[in-house]
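Enquirer: Chains as they are written, first to last, in numbering that gives the first Met the number 0: chain A, 0 to 295; chain B, 0 to 587.
To start, I am sharing the structure in question, which I have written as structure tokens.
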Amino acid sequence: MTKCLDPVILNLWHPIGAIAEAVPGAVQDTVLLEERLSFALNADGEPVVWRSHPDVQGPARVPAADRLPARSTYGYVWTSLGSPPAELFLIPEYEEPDRRKLNAATFGVNVSAPRAIENFLDMGHFPYVHTDILGVEPHTEVKEYDVEISVDRDEILATRCRFFQPMASTASDGGADVDYVYRVPHPYCSVLYKSSPVDEARRDVIAVFLQPVDQEHVRAHMLLCVLDEDNEDKVIKRFQQTIFGQDKPILENQVPKRLPLDPRAETPIRADKSAIAYRRWLSQKGITYGVIPVAA
Amino acid sequence: MLEEARSRWHPIAAAHDLQFRHVFHGQLLGREFAVWRADDGYVNIWENRCLHRGVRLSIGINDGRELKCQYHGWRYSNRTAGCTYIPAHPADAPARTITNRTFPAVERYGLVWSSEEPRGELPDVIGLAEGKLLALRGIPVNAPADKVVERLKAYRFQPNGAIDGEGAEILIDAAQDFAVALRSRDGDAQTHGVFFVQPVDSNRSVIRGVLDQDAEGAARIDILRHHNERLSKLRDQVEREAANVPSPAPIEPVYERVSAELAEMPGMTTHGRKAALRVTVARKWQTADGIAGFELRPIKGILPTFQPGAHIDVHMPNGEIRQYSITNGPGETDSFVIGVKLERDSKGGSKCMHETVREGDVLAISEPRNNFPLRRDSTKTLFVAGGIGITPLLAMAQALKNQDLTHELHYFAQGEEHLAFADRLKYLGDALKPHLGLSPDQTGAELRQIVADYRNGMHLYICGPGPMLEAARKIATEQGWPDTAVHFEYFKNTNKIDDSSSFEVALARSCVTLQVPAGKTIMQVMRESGIDVPSSCEQGACGTCVATVIEGEPDHQDVYLNDAERKAGTKIMTCVSRAKSARLVLDI
Ligand code: FES
Ligand SMILES: [Fe+2]
Numbered sequence: 000m001t002k003c004l005d006p007v008i009l010n011l012w013h014p015i016g017a018i019a020e021a022v023p024g025a026v027q028d029t030v031l032l033e034e035r036l037s038f039a040l041n042a043d044g045e046p047v048v049w050r051s052h053p054d055v056q057g058p059a060r061v062p063a064a065d066r067l068p069a070r071s072t073y074g075y076v077w078t079s080l081g082s083p084p085a086e087l088f089l090i091p092e093y094e095e096p097d098r099r100k101l102n103a104a105t106f107g108v109n110v111s112a113p114r115a116i117e118n119f120l121d122m123g124h125f126p127y128v129h130t131d132i133l134g135v136e137p138h139t140e141v142k143e144y145d146v147e148i149s150v151d152r153d154e155i156l157a158t159r160c161r162f163f164q165p166m167a168s169t170a171s172d173g174g175a176d177v178d179y180v181y182r183v184p185h186p187y188c189s190v191l192y193k194s195s196p197v198d199e200a201r202r203d204v205i206a207v208f209l210q211p212v213d214q215e216h217v218r219a220h221m222l223l224c225v226l227d228e229d230n231e232d233k234v235i236k237r238f239q240q241t242i243f244g245q246d247k248p249i250l251e252n253q254v255p256k257r258l259p260l261d262p263r264a265e266t267p268i269r270a271d272k273s274a275i276a277y278r279r280w281l282s283q284k285g286i287t288y289g290v291i292p293v294a295a
Numbered sequence: 000m001l002e003e004a005r006s007r008w009h010p011i012a013a014a015h016d017l018q019f020r021h022v023f024h025g026q027l028l029g030r031e032f033a034v035w036r037a038d039d040g041y042v043n044i045w046e047n048r049c050l051h052r053g054v055r056l057s058i059g060i061n062d063g064r065e066l067k068c069q070y071h072g073w074r075y076s077n078r079t080a081g082c083t084y085i086p087a088h089p090a091d092a093p094a095r096t097i098t099n100r101t102f103p104a105v106e107r108y109g110l111v112w113s114s115e116e117p118r119g120e121l122p123d124v125i126g127l128a129e130g131k132l133l134a135l136r137g138i139p140v141n142a143p144a145d146k147v148v149e150r151l152k153a154y155r156f157q158p159n160g161a162i163d164g165e166g167a168e169i170l171i172d173a174a175q176d177f178a179v180a181l182r183s184r185d186g187d188a189q190t191h192g193v194f195f196v197q198p199v200d201s202n203r204s205v206i207r208g209v210l211d212q213d214a215e216g217a218a219r220i221d222i223l224r225h226h227n228e229r230l231s232k233l234r235d236q237v238e239r240e241a242a243n244v245p246s247p248a249p250i251e252p253v254y255e256r257v258s259a260e261l262a263e264m265p266g267m268t269t270h271g272r273k274a275a276l277r278v279t280v281a282r283k284w285q286t287a288d289g290i291a292g293f294e295l296r297p298i299k300g301i302l303p304t305f306q307p308g309a310h311i312d313v314h315m316p317n318g319e320i321r322q323y324s325i326t327n328g329p330g331e332t333d334s335f336v337i338g339v340k341l342e343r344d345s346k347g348g349s350k351c352m353h354e355t356v357r358e359g360d361v362l363a364i365s366e367p368r369n370n371f372p373l374r375r376d377s378t379k380t381l382f383v384a385g386g387i388g389i390t391p392l393l394a395m396a397q398a399l400k401n402q403d404l405t406h407e408l409h410y411f412a413q414g415e416e417h418l419a420f421a422d423r424l425k426y427l428g429d430a431l432k433p434h435l436g437l438s439p440d441q442t443g444a445e446l447r448q449i450v451a452d453y454r455n456g457m458h459l460y461i462c463g464p465g466p467m468l469e470a471a472r473k474i475a476t477e478q479g480w481p482d483t484a485v486h487f488e489y490f491k492n493t494n495k496i497d498d499s500s501s502f503e504v505a506l507a508r509s510c511v512t513l514q515v516p517a518g519k520t521i522m523q524v525m526r527e528s529g530i531d532v533p534s535s536c537e538q539g540a541c542g543t544c545v546a547t548v549i550e551g552e553p554d555h556q557d558v559y560l561n562d563a564e565r566k567a568g569t570k571i572m573t574c575v576s577r578a579k580s581a582r583l584v585l586d587i
């Protein structure tokens, strides 16, 4: 497989690890877009990222030429192999002081990043893949919702999404429709807002940041930014890990692994509106990495 | 070589790999298959990829009649591979053209055979008589097929009758590109073995051996073990050799694109096409008093996919065309079974079916159309059938039964002898509730009880004679059932059609404006100007000719739309309904 030549993808910020799991001074090795990278937090707790090199053993001695752009945002270390924009997309809720912010999990999945994003946007699979948790038969309908590609923010927004969830809130034990809003502000990242079971007026935020290891492998970093004062970290994390563990075998059994952008490669239905918009958006951006572009 | 290989038949599994309700993952020349046997014995070999989002169907669920995808629960029918249900849109019937790619399947010599583009039939293999054969365990080898075949020519084994012996004499009977036939002789014992090599991919193969004699018990196990050990050794040798040369690139399968029409996000309705199919009457029998059952089999090929609630048009020898619901359960795709009631005042339709049509006759039928789709997201489904109105509801009830979804089938009939399709009714078990010999008043009282407890999420399906249907709809409304939860199908439209109005129809997409005079229908006028309109009953009962109204006020004269739909004024049956306004704009 050739290394990434896609300029759009090269110039993006990509997540490579959770800050909470980094020990200051300790070097971690990872792979991004088929390049071997190392990173560590320096004495000030700032991330330093460089192309892996046997001679470089720690953040203090990285030659300037080997250093890559680095930032710490939303609890993760981000880097880029090109010239990234000054800012990363915004998640304003992250700043709200009463929210719990956690890296729920980092999972390796044998699939392309765009396939994983589509799965994140998809409600129709809840009764089948997340049975009794996010959905249950016979409540399988995906009701009409709205999707727009916002030009000024350059992101996809799906609103008015509703799906029947058994045990929708901690207060009542019956099932009910739960509201969702989905954003795709980055080709390989998505943010989901979901009715909070504890506060009707606010929403939990769950984001998935995909680290493209290569065209057909990702590391999925899952951020939780939720309203929950009662449960222990590990309980909250375990729930998301269960959900993700259910998606993984499905994702790894999708063929082809890269996302086909040709509208005639697969059969969309109305429920797939957001995925259709996403594929179109990737096409318009001219993205070639992790996808099968439309034949010219 | 590869092109040549594509047009040949190859074994892709042993018959015993296709276990009950299992889906086997097969592969041939780089292409993956989902292989499954339905409960009726039919072997399905499909592209291993759900048409929706590409998930492997080999991880799907075989319920004996249909294969269900794990990701979003799409269901594909036995034999036709057509999609019968899309759970995300329970109210819509999936387009009949959502059909997975299928490959031919032949079971012979204890193996399952297929081919990508077969030239001709599966050839007979000399020396292997069907019957007392022993298929060995398949041995996967990481090497190209030709290398494996080369090695197999030197394969040594003992005949079944002298399995513990040593030094049998081996003769090569035949050797081809993908098979070697060997004969082993030791004293009086002699066994003929054919070793097929399945080209899985450019660098992977499976050896599938078949011996010309079977054995029982311990002897059989000894024989299997004997070959297993020797073939495994052979595999190790071939793999060692293959590891020394660079391995060829894997074969990239080419996936067919879906039709342009399906790639668009589909709208709410789909139209069947008129193409007539030819079927023979394989069986005709009296299934109840005054009701004849007909089993219609395709003359060649397979029948198209149907969904519960669908009907076909039957073109009769006397020129009449009538609609009959398909009573089949899911996955029962080798024939269509319909029920025809002899109508006393028959204009020749049911009379012709009862008196003229015989077993062996050929009839032309339309493709199935589904204007009475079944939701399967209901918390409880009630079916109310009157007399011959049982037919569509029977298909629906069997579908729900197959998926273990809660339902009741209330069947009103004059007496026991009037209950049709006893075998199918029996399959439904306790869900069947017959109501026999009731007067209209008693029927009303019974209906009132049946629909008494409406809860959000329940659905009611009614089919039967006009007066009973009217009564049931009225009672349901009185008991608080919303229009959206009550679904019905009339046999015919008994309304007196008033065609005295004249008005203008503009067809928005075709960019034409037509005048509809008194005495002619919108459909007739459209057809006269060459516009193709699908239709079936042509009396406002079946829903096939529905059109979307963009502007104007329809004058509904059909019995297909419910009150809410009539009021909304966005749909019109062009075969009978007209306009109250001077102008109607349709989305055609
Ligand atoms: S991928 Fe098979 S149902 Fe969606
Ligand atoms: Fe999921």
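Note that beta-carbon positions come from the ideal geometry of N, C-alpha and C, so glycine has one too.
In this structure, does DSSP put B/N61 in helix, strand or coil?
Expert: Locating residue 61 of chain B in the second sequence gives position 62, where the first residue counts as 1. Three-state result, B/N61: strand.
Enquirer: Identify each residue in the segment 55-74 of chain B for which the Cβ-Cβ distance to at least one residue of chain A is less than 7 Å, and report them in chain order.
Expert: Listed by position, the residues of the segment 55-74 of chain B near chain A (Cβ gap below 7 Å) are R55, I58, Q69, Y70, H71 and G72.
Enquirer: Bridge partners of A/E154, per DSSP?
Expert: On the first sequence, position 155 is the one that residue 154 of chain A refers to. The partner list for A/E154 (beta bridge, DSSP) reads A/S149.
Enquirer: Taking its Cβ as the centre, do 16 or more other Cβ atoms sit within 10 Å of B/F671, making it buried, or is it exposed?
Expert: There is no way to answer for residue 671 of chain B, as the model of chain B reaches only from 0 to 587.
Enquirer: In the segment 236-261 of chain B, which residues sit with their C-beta less than 8 Å from some C-beta in chain A, listed in chain order?
Expert: Of all residues in the segment 236-261 of chain B, Y254, R256, V257, S258, A259 and L261 have a Cβ within less than 8 Å of some Cβ in chain A.
Enquirer: My output table needs one value for B/V244: the three-state DSSP class, helix, strand or coil.
Expert: Locating residue 244 of chain B in the second sequence gives position 245, counting from the first residue. B/V244: coil per DSSP, three-state reduction.
Enquirer: If we define contact as Cβ-Cβ less than 8 Å, is A/I249 a contact residue for chain B?
Expert: On the first sequence, residue 249 of chain A is found 250 positions in, with the first residue counted as 1. It does; some Cβ of chain B falls within 8 Å.
Enquirer: Does B/E120 pass the burial test, meaning 16 or more other C-beta atoms within 10 Å, or should it be called exposed?
Expert: Here residue 120 of chain B corresponds to residue number 121 of the second sequence, with the count starting at 1. Exposed: under 16 other Cβ atoms inside 10 Å.
Enquirer: Would you report the Cα separation of B/E294 and B/S334, rounded to the nearest angstrom?
Expert: Within the second sequence, residue 294 of chain B is the residue found at index 295, counting from 1. Within the second sequence, residue 334 of chain B is the residue found at index 335, counting from 1. B/E294 and B/S334: Cα-Cα distance of roughly 6 Å.
Enquirer: With the cut-off set at 8 Å, would you say B/V237 and B/V140 are in Cβ contact?
Expert: For the purposes of this step, residue 237 of chain B is taken as the residue at position 238 of the second sequence. For the purposes of this step, residue 140 of chain B is taken as the residue at position 141 of the second sequence. Yes, the Cβ-Cβ distance between B/V237 and B/V140 is below 8 Å.
Enquirer: Note down, in chain order, every chain D residue with its Cβ under 9 Å from the Cβ of A/T241.
Expert: The question asks about chain D, but that chain is absent: this structure's protein chains are A and B.
Enquirer: Go ahead and pull the three-state DSSP assignment for A/A115.
Expert: Looking up residue 115 of chain A in the first sequence gives position 116. DSSP places A/A115 in helix when its eight states are reduced to three.
Enquirer: For the segment 115-181 of chain B, list the beta strand (DSSP E) runs that are entirely contained and at least 3 residues long, ordered along the chain.
Expert: As far as the segment 115-181 of chain B is concerned, its whole beta strand (DSSP E) runs of at least 3 residues are 138-140 and 168-174.
Enquirer: Let me see if you follow: with CB-CB separation under 8 Å, is B/G53 close to chain A or not?
Expert: The residue labelled residue 53 of chain B in the question sits at position 54 within the second sequence. Closer than 8 Å to some Cβ of chain A, the Cβ of B/G53 qualifies, so yes.
Enquirer: Using a Cβ cut-off of 8 Å, pull out every chain B residue sitting near A/V141, in sequence order please.
Expert: If you number the first sequence from 1, residue 141 of chain A lands on position 142. Correct list: A87 and H88.
Enquirer: How many Å lie between A/P68 and A/D203 at the Cα?
Expert: Here residue 68 of chain A refers to the residue found at position 69 of the first sequence. Here residue 203 of chain A refers to the residue found at position 204 of the first sequence. Cα to Cα, A/P68 sits roughly 30 Å from A/D203.
Enquirer: Identify the contact partners of B/I97 in chain A, using a Cβ-Cβ distance below 9 Å as the criterion.
Expert: Position 98 of the second sequence holds residue 97 of chain B. Per Cβ cutoff of 9 Å: T266.
Enquirer: At a threshold of 7 Å, does B/H71 count as lining ligand 1 (C-beta to nearest heavy atom)?
Expert: In the second sequence, counting from the first residue as 1, residue 71 of chain B sits at position 72. Yes, the beta carbon of B/H71 sits closer than 7 Å to at least one heavy atom of ligand 1.
Enquirer: Between B/A248 and B/S183, how many whole angstroms is the CB-CB distance? I'm expecting something under 8 Å.
Expert: In the second sequence, residue 248 of chain B corresponds to position 249, counting from 1. In the second sequence, residue 183 of chain B corresponds to position 184, counting from 1. Not really, about 37 Å apart at Cβ, beyond 8 Å.
Enquirer: B/Q556 and B/I496: beta carbons closer than 8 Å?
Expert: Counting from 1 along the second sequence, the entry for residue 556 of chain B is found at position 557. Counting from 1 along the second sequence, the entry for residue 496 of chain B is found at position 497. Closer than 8 Å, so yes.
Enquirer: How is B/A444 classed by DSSP in three states: helix, strand or coil?
Expert: By 1-based counting over the second sequence, the position of residue 444 of chain B is 445. Correct three-state label for B/A444: helix.
Enquirer: Kindly indicate the opening and closing residues of the alpha helix (DSSP H) around B/W45.
Expert: The count along the second sequence starts at 1 and reaches residue 45 of chain B at position 46. Per DSSP, B/W45 belongs to no alpha helix (DSSP H); it is in the beta strand (DSSP E), V42 to E46.
Enquirer: Could you list which residues in chain A have their beta carbon closer than 7 Å to that of B/L560, in chain order?
Expert: Numbered from its first residue, the second sequence carries residue 560 of chain B at position 561. Ordered by position in chain A, no residue passes the 7 Å Cβ test against B/L560, which lies about 21 Å from the chain.
Enquirer: If you compare alpha carbons, which of B/E331, B/D422 and B/I387 is closest to B/G595?
Expert: The requested residue 595 of chain B does not occur in the structure, where chain B is confined to residues 0 to 587.
Enquirer: Could you tell me how far apart the beta carbons of A/W12 and A/R70 are, in whole angstroms, since I believe they sit closer than 8 Å?
Expert: Residue mapping note: residue 12 of chain A aligns to position 13 of the first sequence, counting from 1. Residue mapping note: residue 70 of chain A aligns to position 71 of the first sequence, counting from 1. Between A/R70 and A/W12 the Cβ distance is about 7 Å, and since that is below 8 Å, they are a contact.
Enquirer: So, is the C-beta of B/T269 closer than 8 Å to a C-beta in chain A?
Expert: As a working note, residue 269 of chain B is residue 270 in the second sequence. For B/T269, the pLDDT reaches just 32, beneath the cut-off of 50, and the residue's location in the model is therefore unreliable, although a value from the coordinates is still provided. Chain A, which has no Cβ nearer than 8 Å to the Cβ of B/T269, makes this no.
Enquirer: With contact counted as at least three CB pairs below 8 Å, one residue from each stretch, are the segment 249-258 of chain A and the segment 41-60 of chain A in contact?
Expert: Touching, no, given that fewer than three Cβ pairs across the two stretches are closer than 8 Å.
Enquirer: Any heavy atom of ligand 1 closer than 7 Å to the beta-carbon of B/R52?
Expert: To locate residue 52 of chain B, count along the second sequence from 1; it is residue 53. Correct: B/R52 has its Cβ closer than 7 Å to ligand 1.
Enquirer: When you compare only the Cα positions, how much space is there between A/T158 and B/R374?
Expert: If you number the first sequence from 1, residue 158 of chain A lands on position 159. If you number the second sequence from 1, residue 374 of chain B lands on position 375. Using only the alpha carbons, I get a separation of about 25 Å.
Enquirer: Run down chain A in chain order and give the residues with a C-beta less than 7 Å from the C-beta of B/S605.
Expert: Absent from the model: residue 605 of chain B. The displayed extent of chain B is 0 to 587, so no value can be given.
Enquirer: Any idea what DSSP makes of B/R526, helix, strand or coil?
Expert: Here residue 526 of chain B is taken as the residue at index 527 of the second sequence, counted from 1. Here B/R526 sits in helix by DSSP.
Enquirer: What number of angstroms, rounded off, separates the C-alpha of A/V128 from the C-alpha of A/S149?
Expert: The residue given as residue 128 of chain A occupies position 129 in the first sequence. The residue given as residue 149 of chain A occupies position 150 in the first sequence. Cα-Cα distance, rounded: 30 Å.
Enquirer: For chain A, find out if any of its Cβ atoms is closer than 8 Å to the Cβ of B/R375; answer yes or no.
Expert: Locating residue 375 of chain B in the second sequence gives position 376, where the first residue counts as 1. At least one chain A Cβ lies under 8 Å of B/R375.
Enquirer: Count the other C-beta atoms from every protein chain shown that fall within 10 angstroms of the C-beta of B/P516, then say buried if there are 16 or more, exposed otherwise.
Expert: Locating residue 516 of chain B in the second sequence gives position 517, counting from the first residue. By the neighbour-count rule (16 or more Cβ atoms within 10 Å), B/P516 is not buried but exposed.
Enquirer: A/I132 by DSSP, collapsed to three states: which one?
Expert: Position 133 of the first sequence, counting from 1, holds the residue named residue 132 of chain A. Here A/I132 sits in coil by DSSP.
Enquirer: Is B/E65 closer than 8 Å to B/P329 when the C-beta atoms are compared?
Expert: Residue 329 of chain B sits at position 330 when you count from the first residue of the second sequence. Residue 65 of chain B sits at position 66 when you count from the first residue of the second sequence. Cβ distance < 8 Å, so B/P329 and B/E65 count as in contact.
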